[in-house]
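Residue numbers (the working numbering), protein chains in the order written: chain A, 1 to 290; chain B, 1001 to 1146.
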Amino acid sequence: MNIVMAAAGAVLFLILAPVLGGLISGVDRVLTARMQSRRGPPVLQPFYDISKLWHKERAFANPVEMILTSGYLILIAFSGAILFSGGDLLLVVFALALSHTFLILAAYAANAPYSTVGAERELIGVMVAEPILILLAAGFFIVTGSFFVSDIVSDPTSAIVYLPGVFLALFAVLTLKLRKSPFDIATSHHAHQELVKGVTSSLSGRTLAKVELAHWYETIILLAMMLLFFAANPVLGIIVVVICYFLEILMDNLFPRVTWKMTMKSLWTVTLILGAANIAVLGILGGVMV
Amino acid sequence: MSSAGKSPWLMHYNASSCNGCDIEILAALTPLYDVERFGIINTGNPAHADIFVVTGGVNEQNKEVLKNLYDQIPEPKVVVAVGICASSGGVFRDCYNVSGGVDTIIPVDVYVPGCSVRPEALIEGVVKALGVLEEKRAAVDNGGLR
């Protein structure tokens, strides 16, 4: 992939991801409402929310929140830009982890009880999600011989053929990453949990808007990672990703939140059994004949 | 209507109400009435709130709490006094420990009288509050309230 294509990919991501992420969030809220026999908000509601938050008074528990939430947003955008420019998958994964560190620091900076609990749970969330993201990069390397997204997408065979376990483990961790029940331990979009806003509870106005925007970017990054498994057959990939997202919404409405211990145990078990075992089996069978 | 009126996040505080009005408020927030249709989210967090819904006549114990919550809500914000006690102190206004209405402690934008308040009146009150929120947002954008 040449430099022009790479730059175009990154720029398109930076511009279109918030639009698409916001629309997905809007559709998500409407579907959730329909599952609860309600009409729900307009599809554009997330954009109204962000616009409202942007015009609120700038009030901080600690002014450093301004820098830290900006760091969170910029690093997530950077991570996605690398992914969509066909860059190194390892860099994508590590930038994503670093971005969450900024969010955690922003929540700690408020020095408020709910915010601190949220920060600790977000830290657990990063710990839980990181192994499968690294396994994902490793898996793609074994299958295609490269960490570069540009090489992965040009591979003639879809990686899902060799990495079904890694895909399923990523789907399980997606629940946590999209902040959906039963794993929405750090913060939730709904008021049905014992700690509703957690990590964002001390943020308001623009800082909260930036966190929401970063979440939209992250949603697109994660869905794109799932799509990467179907590189040779993107139509099938899109269908599978849509089904996966629908299942996430369904689970969100069916299950209550579990404790942080249960989150860690269940997702690490899934990662180990489906993800690590998948990689191990590939290794034992002598890798992939490319 | 610009975005402030399309995304009003609401916080409810009971300043020594008898719970009659609180029950009506909570009933209006149930999925049956689906206030999310109007972008309303019931938040328990002053940092995220736009509309402050207060019930009860405010007593000596909780007037500091009420003031503190009000101060934590970022501008633009609107206060809705729900029920006759919140509006004027109602039958309790002459009690030794009752302040006599929310407006004795914080500025109130919309009064919704009733004992307890009718859901229709409550919804109309919140709709009036959206108009006030819109005006205040324009003032904030012009630097008036910042």
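Backbone N, C-alpha and C define an ideal beta-carbon position, used for all residues, glycine too. For clarity, every value in this text was computed on a predicted model and none was experimentally measured.
Backbone secondary structure at residue i - three-state DSSP
{"i": "I243(A)", "result": "helix"}
{"i": "T187(A)", "result": "coil"}
{"i": "F334(A)", "result": "This structure leaves residue 334(A) out entirely; chain A is present only between 1 and 290."}
{"i": "F1052(B)", "result": "strand"}
{"i": "A231(A)", "result": "coil"}
{"i": "Y217(A)", "result": "helix"}
{"i": "V1117(B)", "result": "coil"}
{"i": "A1081(B)", "result": "strand"}
{"i": "F171(A)", "result": "helix"}
{"i": "F60(A)", "result": "coil"}
{"i": "H1012(B)", "result": "strand"}
{"i": "N1097(B)", "result": "coil"}
{"i": "Y1033(B)", "result": "coil"}
Neighbourhood of residue i by C-beta distance below 6 Å, restricted to the same chain and skipping five residues each side
{"i": "V258(A)", "result": "P182"}
{"i": "V1078(B)", "result": "I1051, D1109, A1129, V1132, L1133"}
{"i": "K180(A)", "result": "E248, D252"}
{"i": "P131(A)", "result": "T271"}
{"i": "A1004(B)", "result": "L1133, E1134, R1137"}
{"i": "C1021(B)", "result": "T1055, V1082, G1083, S1116, V1117"}
Residue i vs residue j beta-carbon contact at 8 Å
{"i": "C1115(B)", "j": "I1084(B)", "result": "yes"}
{"i": "L1069(B)", "j": "I1041(B)", "result": "no"}
{"i": "A159(A)", "j": "F84(A)", "result": "no"}
{"i": "V1112(B)", "j": "G1125(B)", "result": "yes"}
{"i": "K177(A)", "j": "N1045(B)", "result": "no"}
{"i": "I295(A)", "j": "I142(A)", "result": "There is simply no residue 295(A) to check, as chain A begins at 1 and stops at 290 in what is shown."}
{"i": "Y217(A)", "j": "A17(A)", "result": "yes"}
{"i": "A95(A)", "j": "I104(A)", "result": "no"}
{"i": "P1031(B)", "j": "R38(A)", "result": "yes"}
{"i": "S1007(B)", "j": "D151(A)", "result": "no"}
{"i": "L163(A)", "j": "G139(A)", "result": "yes"}
{"i": "L98(A)", "j": "L174(A)", "result": "no"}
Nonlocal neighbours in the same chain, by C-beta distance under 8 Å from residue i, ignoring five residues either side
{"i": "K210(A)", "result": "T69, S70, Y72, L73"}
{"i": "M1001(B)", "result": "At M1001(B) the pLDDT is 46, less than 50, meaning the model places this residue with poor confidence and gives no usable figure here."}
{"i": "G118(A)", "result": "A107, A186, T187, L195, K197, G198, V199, T200, S201"}
Where residue i falls, given that 16 or more other Cβ within 10 Å makes a residue buried
{"i": "L12(A)", "result": "exposed"}
{"i": "L136(A)", "result": "buried"}
{"i": "Y1096(B)", "result": "exposed"}
{"i": "E122(A)", "result": "buried"}
{"i": "M5(A)", "result": "exposed"}
{"i": "R1146(B)", "result": "Since pLDDT at R1146(B) reaches only 46, below the 50 mark, its modelled position is unreliable, and the value read off the structure follows with that caveat. So R1146(B) ends up on the exposed side."}
{"i": "V242(A)", "result": "exposed"}
{"i": "V19(A)", "result": "exposed"}
{"i": "E1060(B)", "result": "exposed"}
{"i": "D28(A)", "result": "buried"}
{"i": "T1043(B)", "result": "buried"}
{"i": "V161(A)", "result": "exposed"}
{"i": "V166(A)", "result": "buried"}
{"i": "A1086(B)", "result": "buried"}
7 Å CB neighbourhood of residue i in its chain, flanking five on each side removed
{"i": "A109(A)", "result": "N62, V64, E65, L68"}
{"i": "L205(A)", "result": "According to the sequence shown, residue 205(A) is Gly rather than Leu. Excluding positions up to five away in sequence, the list reads L53, K56, E57, R58, A59."}
{"i": "N1019(B)", "result": "none"}
{"i": "K1063(B)", "result": "S1099, I1105"}
Cβ separation of residue i and residue j, assumed to be a contact under 8 Å, to the nearest whole Å
{"i": "M264(A)", "j": "V128(A)", "result": "6 Å"}
{"i": "I220(A)", "j": "G21(A)", "result": "5 Å"}
{"i": "V1058(B)", "j": "L1122(B)", "result": "Their Cβ separation, rounded to whole angstroms, is 19 Å, which puts V1058(B) and L1122(B) out of contact at 8 Å."}
{"i": "G40(A)", "j": "T32(A)", "result": "7 Å"}
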